[in-house]
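Student: I have a structure here, written as structure tokens, and I will follow up with some questions on it.
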Amino acid sequence: MRFLMTYTAKVQDHTPEKSAAIDKLVAENIKAGILLDTGAILGLGSGGRGTLDRGNFVLSNGPYSASEEAFVGYAIVQVRDRAEAAEHARRFMMIAGDGECEIRQLMGPSDGMP
Amino acid sequence: MTDTNAAITAVRAVFRVEHAKLVARLARMVRDVGVAEELAQDALVAALETWPRDGIPDKPAAWLMTTAKRRALNALSRGRMLERKHEELGHMTTTHEDPADLDDDVGDDLLRLMFVSCHPVLAPEARVALTLRLLGGLTTEEIARAFLVAEPTIAQRIVRAKRALADAKVPFEVPPAAERAARLASVCAVIYLVFNEGYSASAGDDPMRPALIEDALRLGRVLAGLVPDEPEVHGLCALMELHASRAGARLDANGESVLLLEQNRARWDYVLIRRGLDALARAEQLGGPGPYVLQAEISACHARAIVAADTDWARIAELYGSLAVLQPSPVIELNRAMAIAMAEGPAAGLELIEQVASKLPRYPWLAAARADLLVKLGRTDEARGEFTRAAELTTNAHDRAKLLRRAGEL
Chain A
15 MRFLMTYTAK VQDHTPEKSA AIDKLVAENI KAGILLDTGA ILGLGSGGRG
65 TLDRGNFVLS NGPYSASEEA FVGYAIVQVR DRAEAAEHAR RFMMIAGDGE
115 CEIRQLMGPS DGMP
Chain B
320 MTDTNAAITA VRAVFRVEHA KLVARLARMV RDVGVAEELA QDALVAALET
370 WPRDGIPDKP AAWLMTTAKR RALNALSRGR MLERKHEELG HMTTTHEDPA
420 DLDDDVGDDL LRLMFVSCHP VLAPEARVAL TLRLLGGLTT EEIARAFLVA
470 EPTIAQRIVR AKRALADAKV PFEVPPAAER AARLASVCAV IYLVFNEGYS
520 ASAGDDPMRP ALIEDALRLG RVLAGLVPDE PEVHGLCALM ELHASRAGAR
570 LDANGESVLL LEQNRARWDY VLIRRGLDAL ARAEQLGGPG PYVLQAEISA
620 CHARAIVAAD TDWARIAELY GSLAVLQPSP VIELNRAMAI AMAEGPAAGL
670 ELIEQVASKL PRYPWLAAAR ADLLVKLGRT DEARGEFTRA AELTTNAHDR
720 AKLLRRAGEL
């Protein structure tokens with residue numbers, strides 16, 4: 015199973031120690047064969063929200079709330095089940111700090127993909 | 320789910336993530352994978368008792384390792400273990416390194432564990448079961464469901480495998496240089512077997528079966544990280560990633576298989592394709608192509624073609640030619656003939672098929688291939704006969720119906 019995990023920090027406090035610890039975790043997870051992709055997502059102001067209404071496409075220009083503008087980290091992992099995905103989220107957050115992680119399964123060939 | 324159940328699920332998830340490393344490190348200390356796994360299980364029991372109450376420790380791997388070691392020493396002092404184990408646990412007490420450093424370079428131990436689990440004293444099915452148990456962290460129940468076998472059968476297979484390793488006094492080590500190539504080939508073969516078992520799952524099978532594809536992918540990636548200079552290991556990874564990339568397109572709405580050239584390529588998994596092509600590039604940098612690399616290169620020719628018509632058939636024919644030199648086989652010759660037919664036309668392909676026909680007298684896909692080419696050459700009556708013959712030769716009901724349908728359409 016593949017999961018997309020997105021993380022938003024409660025407080026943005028990057029330190030070199032934290033970055034090094036995250037890099038180490040990323041390297042371990044790549045070696046373990048579970049991490050397919052990871053990176054950071056910029057706030058909504060970097061792009062915007064596109065809306066289609068009765069065929070009319072509009073791209074929003076903001077302003078956006080602080081939470082919409084927050085940096086979000088993401089990871090795509092390939093693990094056996096939801097509990098294992100959650101364990102990897104926990105490990106990451108123990109390093110990255112308090113915040114919130116959304117864990118969603120990506121649809122695969124055996125999950126009733128049309 | 321109750322809080323207790325949730326806590327137990329979380330503990331088990333931690334344990335599975337750490338399982339291979341824990342067993343590998345313990346096995347290095349006690350020199351016996353069976354004893355190592357029992358100690359790991361003891362640590363799991365202890366974790367299930369305390370973590371749901373006290374929370375998951377900061378360094379769960381170190382906690383499990385320390386606990387496993389303490390349990391072993393307790394058991395030893397109470398004289399509860401068999402004589403054989405006394406000796407093994409003796410090794411442990413004389414090991415001076417800090418067992419808590421599980422996160423630091425456990426790679427050598429993992430590699431040893433892979434070699435031992437795939438040791439030639441074990442039958443192939445025992446190698447597969449032991450590898451999934453020790454390195455994949457699967458339970459016997461999960462392995463049994465994945466292989467459509469009764470759980471006691473798998474449990475017994477694993478017990479016997481551990482005993483066979485102990486009886487043969489198989490050392491917990493990476494094999495010496497003279498044996499290394501053959502032993503590495505055995506590890507690759509076990510991983511590829513797991514992959515193919517998952518890949519052959521049909522719609523409606525237990526989801527544990529297709530999950531084997533991902534287990535094999537992970538094992539392959541771990542192995543590639545441990546022996547980064549082995550082109551065939553990267554070749555195996557490339558082959559598996561590329562094949563797995565088509566899993567979403569290979570069955571239609573009725574669960575029937577869809578031929579490669581007729582698959583909806585928008586449904587291919589481009590994350591896996593990219594990984595497969597990267598692994599293949601690493602393999603090619605490292606040296607002369609072996610069978611896995613060649614098969615991966617063939618698979619890559621398809622992966623690179625955005626539409627089926629863009630496929631580089633001349634290159635595929637050439638690669639089958641190289642593969643046939645390494646692994647002479649009439650089926651590979653047949654595949655080469657079909658690639659030549661695509662590259663140079665049906666007449667050239669048919670000529671090659673006739674050369675190999677006598678070696679595959681009862682192979683339905685030779686008759687079907689010949690029929691395909693006869694259709695293209697406008698020799699309809701002969702084609703109908705070949706499709707019918709192919710239908711008679713196959714034992715698969717789905718395939719027979721499909722072949723008879725094609726005969727009827729002519």
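In the order they appear, the protein sequences are chains A and B.
Per this note's numbering, the very first residue in the first sequence carries number 15; after that it's consecutive.
Per this note's numbering, the very first residue in the second sequence carries number 320; after that it's consecutive.
By construction, the Cβ of each residue, glycine as well, lies at the ideal position given by its N, Cα and C atoms.
The model shown is predicted, which means the values in this text are computed figures rather than measured ones.
(1) Does the beta-carbon of SER677(B) have 16 or more other beta-carbons within 10 angstroms, so that it is buried, or is it exposed?
(2) Could you run through the stretch 42 to 66 of chain A and flag, in chain order, every residue whose CB is less than 9 Å away from some CB of chain B?
(3) Flag ALA97(A) as yes if its beta-carbon sits less than 7 Å from any beta-carbon of chain B, otherwise no.
(4) Run through chain B and tell me which residues come within less than 9 Å of ALA100(A), C-beta to C-beta.
(5) In chain B, which residues lie less than 8 Å from GLN92(A) when you measure between Cβ atoms?
(6) Does DSSP classify SER576(B) as helix, strand or coil?
(7) Give the interface partners of ALA530(B) over in chain A, defined as CB-CB distance under 7 Å, in chain order.
(8) Would you be able to state if there are at least three C-beta pairs under 8 Å between the stretch 679 to 689 of chain B and the stretch 644 to 664 of chain B?
(9) Express the C-alpha separation of ARG719(B) and ALA710(B) in angstroms, rounding to a whole number.
(10) Give a yes or no on whether the minimum CB-CB distance between ARG540(B) and chain E is below 7 Å.
(11) Could you say which of LEU512(B), LEU503(B), ALA667(B) and ALA339(B) lies nearest to LEU457(B) if we only look at CA atoms?
(12) What did DSSP end up calling ALA34(A) once you bin it into helix, strand or coil?
(13) For a quick check, are the C-beta atoms of ALA627(B) and LEU685(B) less than 7 Å apart?
(14) Please report the Cβ distance between LEU558(B) and GLN646(B), rounded to the nearest whole angstrom; I am assuming they are in contact, meaning their Cβ atoms lie under 8 Å.
(15) What are the boundary residues of the alpha helix (DSSP H) that TYR589(B) is part of?
(16) Return the CA-CA distance between VAL506(B) and ALA80(A), expressed in angstroms with no decimal places.
(17) Would you mind listing the alpha helix (DSSP H) stretches within the stretch 418 to 473 of chain B that are 4+ residues and don't spill past its ends, in chain order?
(18) Does the CB of VAL552(B) have a neighbour CB from chain A at under 7 Å?
(19) With H, G and I counted as helix, E and B as strand and the rest as coil, what does DSSP make of HIS415(B)?
(20) Relative to the C-alpha of GLY64(A), which candidate in GLY76(A), ALA54(A), THR22(A) and TYR88(A) has its C-alpha closest?
(21) For GLU492(B), count the other beta carbons within 10 Å of its own beta carbon; 16 or more makes it buried, fewer makes it exposed. Which is it?
(22) DSSP puts THR20(A) in a beta bridge; with which residues?
(23) Cutting at 7 Å between CB atoms, please list the residues of its own chain near LEU73(A), excluding the five before and the five after it.
(24) Should VAL435(B) be flagged as near chain A, meaning a C-beta pair shorter than 7 Å?
(25) So ALA365(B) and THR386(B) are in contact, right, with Cβ under 8 Å, and what is the actual spacing, rounded?
(26) Is there a C-beta anywhere in chain A that falls below 7 Å from the one on GLY727(B)?
(27) In three-state terms, what does DSSP make of ASP771(B)?
(28) Quick check: is the beta carbon of GLY544(B) nearer than 7 Å to any beta carbon in chain A?
(29) Three Cβ pairs or more, each shorter than 8 Å: is that satisfied between the stretch 637 to 645 of chain B and the stretch 578 to 597 of chain B?
(30) Of all the residues that make up the stretch 694 to 725 of chain B, which are near chain A by a beta-carbon distance shorter than 7 Å?
(31) Is the beta carbon of ILE617(B) closer than 7 Å to that of ILE635(B)?
(32) Can you tell me whether DSSP reads LEU729(B) as helix, strand or coil?
(33) Give the range of the beta strand (DSSP E) segment to which PHE71(A) is assigned.
(34) Considering THR328(B), what are the terminal residues of the alpha helix (DSSP H) in which it resides?
(35) Just to make sure I have the definition right: I need the residues of chain A whose C-beta is within less than 7 Å of the C-beta of VAL336(B). Which are they?
Tutor: In this structure, then:
(1) As a first step, residue 677(B) is located in the second sequence; it is residue number 358 there, counting from the start. With a threshold of 16 other beta carbon atoms within 10 Å, SER677(B) falls short and is exposed.
(2) Answer set for the stretch 42 to 66 of chain A: GLU42, ILE44, LYS45, ALA46, GLY47, ILE48, LEU50 and ASP51.
(3) Stepping through the first sequence from its first residue, residue 97(A) is reached at position 83. A Cβ of chain B is located within less than 7 Å of the beta carbon of ALA97(A).
(4) By one-based count along the first sequence, residue 100(A) stands at place 86. Going along chain B in sequence order, the residues near ALA100(A) (Cβ under 9 Å) are THR328, ALA329 and ALA332.
(5) Along the first sequence, read from residue 1 onward, the residue named residue 92(A) stands at position 78. Neighbours of GLN92(A) on chain B, chain order: GLU533, LEU536 and ARG537.
(6) Taking the second sequence and counting its residues from 1, the one referred to as residue 576(B) is at position 257. SER576(B): strand per DSSP, three-state reduction.
(7) Counted from its first residue, the second sequence places residue 530(B) at position 211. Per Cβ cutoff of 7 Å: ARG94.
(8) At 8 Å Cβ cutoff, the stretches touch.
(9) For the purposes of this step, residue 710(B) is taken as the residue at position 391 of the second sequence. For the purposes of this step, residue 719(B) is taken as the residue at position 400 of the second sequence. So the two alpha carbons sit approximately 5 Å from each other.
(10) Reference to chain E is not applicable here, since the protein chains of this structure are A and B.
(11) The residue given as residue 457(B) occupies position 138 in the second sequence. Closest in C-alpha terms to LEU457(B), from the list LEU512(B), LEU503(B), ALA667(B) and ALA339(B), comes ALA339(B).
(12) Residue mapping note: residue 34(A) aligns to position 20 of the first sequence, counting from 1. In this structure, ALA34(A) counts as helix in the three-state DSSP scheme.
(13) Counting from 1 along the second sequence, the entry for residue 627(B) is found at position 308. Counting from 1 along the second sequence, the entry for residue 685(B) is found at position 366. Cβ distance not < 7 Å, so ALA627(B) and LEU685(B) don't count as in contact.
(14) Translated into positions along the second sequence, residue 558(B) becomes position 239. Translated into positions along the second sequence, residue 646(B) becomes position 327. The C-beta distance from LEU558(B) to GLN646(B) rounds to 14 Å, too long to meet the 8 Å contact threshold.
(15) Taking the second sequence and counting its residues from 1, one reaches residue 589(B) at position 270. For TYR589(B), the enclosing alpha helix (DSSP H) has its first and last residue at 589 to 605.
(16) Counting from 1 along the second sequence, the entry for residue 506(B) is found at position 187. Counting from 1 along the first sequence, the entry for residue 80(A) is found at position 66. Across the structure, VAL506(B) and ALA80(A) are spaced so that their CA atoms are roughly 52 Å apart.
(17) Within the stretch 418 to 473 of chain B, the complete alpha helix (DSSP H) runs of at least 4 residues are 426 to 436, 443 to 453 and 459 to 465.
(18) Along the second sequence, read from residue 1 onward, the residue named residue 552(B) stands at position 233. Interface residue (Cβ-Cβ distance to chain A less than 7 Å): VAL552(B) is not classified as such.
(19) Along the second sequence, read from residue 1 onward, the residue named residue 415(B) stands at position 96. Model confidence at HIS415(B) stands at a pLDDT of 47, short of 50, so the residue's coordinates are unreliable and nothing is read from them.
(20) In the first sequence, the residue the question calls residue 64(A) occupies position 50. Nearest Cα to GLY64(A) within the set GLY76(A), ALA54(A), THR22(A) and TYR88(A): GLY76(A).
(21) As a position in the second sequence, residue 492(B) is number 173, starting the count at 1. Exposed, since its Cβ has fewer than 16 Cβ neighbours within 10 Å.
(22) Here residue 20(A) refers to the residue found at position 6 of the first sequence. Residue pairing from DSSP places THR20(A) in a beta bridge opposite TYR88(A) and GLU116(A).
(23) By 1-based counting over the first sequence, the position of residue 73(A) is 59. Same-chain partners within the cutoff: GLY62 and GLY64.
(24) By 1-based counting over the second sequence, the position of residue 435(B) is 116. Chain A, which has no Cβ nearer than 7 Å to the Cβ of VAL435(B), makes this no.
(25) As a position in the second sequence, residue 365(B) is number 46, starting the count at 1. As a position in the second sequence, residue 386(B) is number 67, starting the count at 1. Yes, ALA365(B) and THR386(B) are in contact; Cβ-Cβ is about 5 Å, under 8 Å.
(26) Sequence index remark: in the second sequence, residue 727(B) carries index 408 (1-based). Answer no: the Cβ-Cβ gap between GLY727(B) and chain A never drops below 7 Å.
(27) There is no way to answer for residue 771(B), as the model of chain B reaches only from 320 to 729.
(28) Along the second sequence, one-based indexing puts residue 544(B) at 225. At a cut-off of 7 Å between C-beta atoms, GLY544(B) counts as an interface residue with respect to chain A.
(29) Below 8 Å, too few C-beta pairs join the stretch 637 to 645 of chain B and the stretch 578 to 597 of chain B to call them touching: fewer than three.
(30) Answer set for the stretch 694 to 725 of chain B: empty.
(31) Indexing the second sequence from 1 puts residue 635(B) at position 316. Indexing the second sequence from 1 puts residue 617(B) at position 298. In this structure, ILE635(B) places its C-beta atom within 7 Å of the C-beta atom of ILE617(B).
(32) Counted from its first residue, the second sequence places residue 729(B) at position 410. LEU729(B) sits in coil when the DSSP states are folded into three classes, being neither helix nor strand.
(33) The residue labelled residue 71(A) in the question sits at position 57 within the first sequence. Residues 70 to 73.
(34) The residue labelled residue 328(B) in the question sits at position 9 within the second sequence. Where THR328(B) is concerned, the enclosing alpha helix (DSSP H) stretches over 322 to 349.
(35) What you label residue 336(B) is simply residue 17 of the second sequence in a count that begins at 1. Residues of chain A with a Cβ closer than 7 Å to the Cβ of VAL336(B) are, in chain order, GLU98 and GLU101.
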